[in-house]
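Novice: Take this structure first; my questions come after.
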């Protein structure tokens, strides 16, 4: 069976939408939508590393992870253009999108604050923050059920600076020390080395880390929940709604057919293999 999005790509999205395809090879304004991306000849995806969502080979510079895979598939299957990944940080991933440095931001939590500044696609995967710690850490009280149970003056909580975890957890912490680190690897290393007592991270990445450290790592899904959101693509606020709909239909099918779940599993196995 012919994939409907491959058919759309073959026809050309600009033609389907009744738009002329400009010949200029420069990036268009956000208001031009996918027609501007096609005219530029590439889809630029802002990527901040956060396994298994987004990963980058330190030797080759190649990107992987299930959000990188989805971005690549949207560019190649729907827009019929190659994808260029633009390296960024979580502190800059929204600002860079607003400045037009790329067309899509990968793996963004759909928060009300961000929605005031940028547009979002529909979520590709759900999201919940859990709290990972060493089960032998005497600072962690037995029977802890909430973030408040861990919010003690002698406890240090690690977060990746500028992420949704940072913005969700930090306002709730009254007594514990927050240590903000530039990458997920450094945040996890802080807990492994006991420089931090707790890591606040998405539930799926924490489960991945636990799978590789079964002898000591456990996590807590706090009650009440710290945050439950969806994770999708970020777009410039000026992007046309009808073009965002095209991206949403792509995501809807990929989720419904189990393709996103398969991409997640592939990325998880990749991370676990690298850790062996």
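Numbering (mature numbering (1 follows the signal peptide of the UniProt record, and there is no 0)), first residue to last: -27 to -1, 1 to 249. Beta carbons: idealized from backbone N, C-alpha and C, even for Gly.
Assign residue 86 to one of two classes, buried (16 or more other C-beta atoms within 10 Å of its C-beta) or exposed (fewer than that).
Specialist: Taking the chain shown and counting its residues from 1, one reaches residue 86 at position 113. Flag for residue 86 reads exposed.
Novice: Check each candidate in 138, 147, 145 and name the one with the smallest Cα separation from residue 153.
Specialist: On the chain shown, residue 153 is found 180 positions in, with the first residue counted as 1. The residue with the shortest Cα to Cα distance from residue 153 is 138.
Novice: Only counting runs of 3 or more residues, tell me where the beta strand (DSSP E) segments fall wholly within the region 166 to 243, in order along the chain.
Specialist: You should have 171 to 175, 190 to 193, 201 to 208.
Novice: Along the alpha helix (DSSP H) that carries residue 140, what are the first and last residues, could you check?
Specialist: In the chain shown, the residue the question calls residue 140 occupies position 167. Per DSSP, residue 140 belongs to the alpha helix (DSSP H) from 137 to 142.
Novice: Who are the Cβ neighbours of residue 210 in its own chain at under 8 Å, not counting the five residues just before and after it?
Specialist: Counting from 1 along the chain shown, the entry for residue 210 is found at position 237. Contacts found: 3, 71, 90, 91, 92.
Novice: For the alpha helix (DSSP H) holding residue 60, just list the boundary residues, first then last.
Specialist: Position 87 of the chain shown, counted from the first residue, corresponds to residue 60. Per DSSP, residue 60 belongs to no alpha helix (DSSP H); it is in the beta strand (DSSP E), 56 to 60.
Novice: Using a beta-carbon distance below 8 Å, is residue 2 in contact with chain B?
Specialist: This model lacks chain B altogether, as it is built from one protein chain only.
Novice: Excluding five sequence neighbours on each side, which residues of the same chain lie with their C-beta closer than 7 Å to the C-beta of residue 230?
Specialist: By 1-based counting over the chain shown, the position of residue 230 is 257. Once the five neighbours on either side are set aside, residue 230 has no close Cβ partner at all.
Novice: Using beta-carbon positions only, say whether residue 132 and residue 63 come within less than 8 Å of one another.
Specialist: Within the chain shown, residue 132 is the residue found at index 159, counting from 1. Within the chain shown, residue 63 is the residue found at index 90, counting from 1. The answer is no: Cβ separation not under 8 Å.
Novice: Which word fits residue 245, buried or exposed, when buried means at least 16 other C-beta atoms lie within 10 angstroms of its C-beta?
Specialist: The residue labelled residue 245 in the question sits at position 272 within the chain shown. Exposed, since its Cβ has fewer than 16 Cβ neighbours within 10 Å.
Novice: Residue 224 and residue 94: beta carbons closer than 8 Å?
Specialist: Numbered from 1 along the chain shown, position 251 holds the residue referred to as residue 224. Numbered from 1 along the chain shown, position 121 holds the residue referred to as residue 94. A contact, by the Cβ cut-off of 8 Å.
Novice: In this structure, what does DSSP give as the bridge partners for residue 47?
Specialist: By one-based count along the chain shown, residue 47 stands at place 74. For residue 47, which the question treats as bridged, DSSP gives no partner whatsoever.
Novice: Would you decide whether residue -19 is buried or exposed? Buried here means 16 or more other CB atoms lie within 10 Å of its CB.
Specialist: Indexing the chain shown from 1 puts residue -19 at position 9. For residue -19, the predicted structure reports a pLDDT of 33, less than 50, and the residue's modelled location is therefore unreliable. A value from the coordinates is still provided. Per the 10 Å Cβ criterion, buried.
Novice: Among 98, 108, 46, 118, which one has its Cα closest to the Cα of residue 175?
Specialist: Counting from one through the chain shown, the residue named residue 175 turns up at place 202. Ranking 98, 108, 46, 118 by Cα distance to residue 175 puts 98 first.
Novice: Would DSSP call residue 254 helix, strand or coil?
Specialist: Within the shown structure, residues of the chain are numbered from -27 to 249, placing residue 254 beyond reach of any answer.
Novice: Consult DSSP for residue 85 and reduce its assignment to one of helix, strand or coil.
Specialist: For the purposes of this step, residue 85 is taken as the residue at position 112 of the chain shown. Note: residue 85 maps to helix in three-state DSSP.
Novice: Is the region 23 to 35 in contact with the region 234 to 243, if contact means three or more CB pairs nearer than 8 Å?
Specialist: The answer is yes - the region 234 to 243 touches the region 23 to 35, with three or more Cβ pairs under 8 Å.
Novice: Are the region 12 to 20 and the region 75 to 83 in contact at 8 Å, needing three or more beta carbon pairs?
Specialist: Counting Cβ pairs under 8 Å, three or more are found: they touch.
Novice: Compute the Euclidean distance between the alpha carbons of residue 181 and residue 103, then round it to the nearest angstrom.
Specialist: Mapped onto the chain shown, residue 181 falls at position 208. Mapped onto the chain shown, residue 103 falls at position 130. Looking at the two C-alpha atoms, the distance is approximately 12 Å.
Novice: Quick check on this structure: which residue in 193, 31, 47, 32 has the alpha carbon closest to the alpha carbon of residue 233?
Specialist: Locating residue 233 in the chain shown gives position 260, where the first residue counts as 1. Cα-wise, what sits closest to residue 233 is 47.
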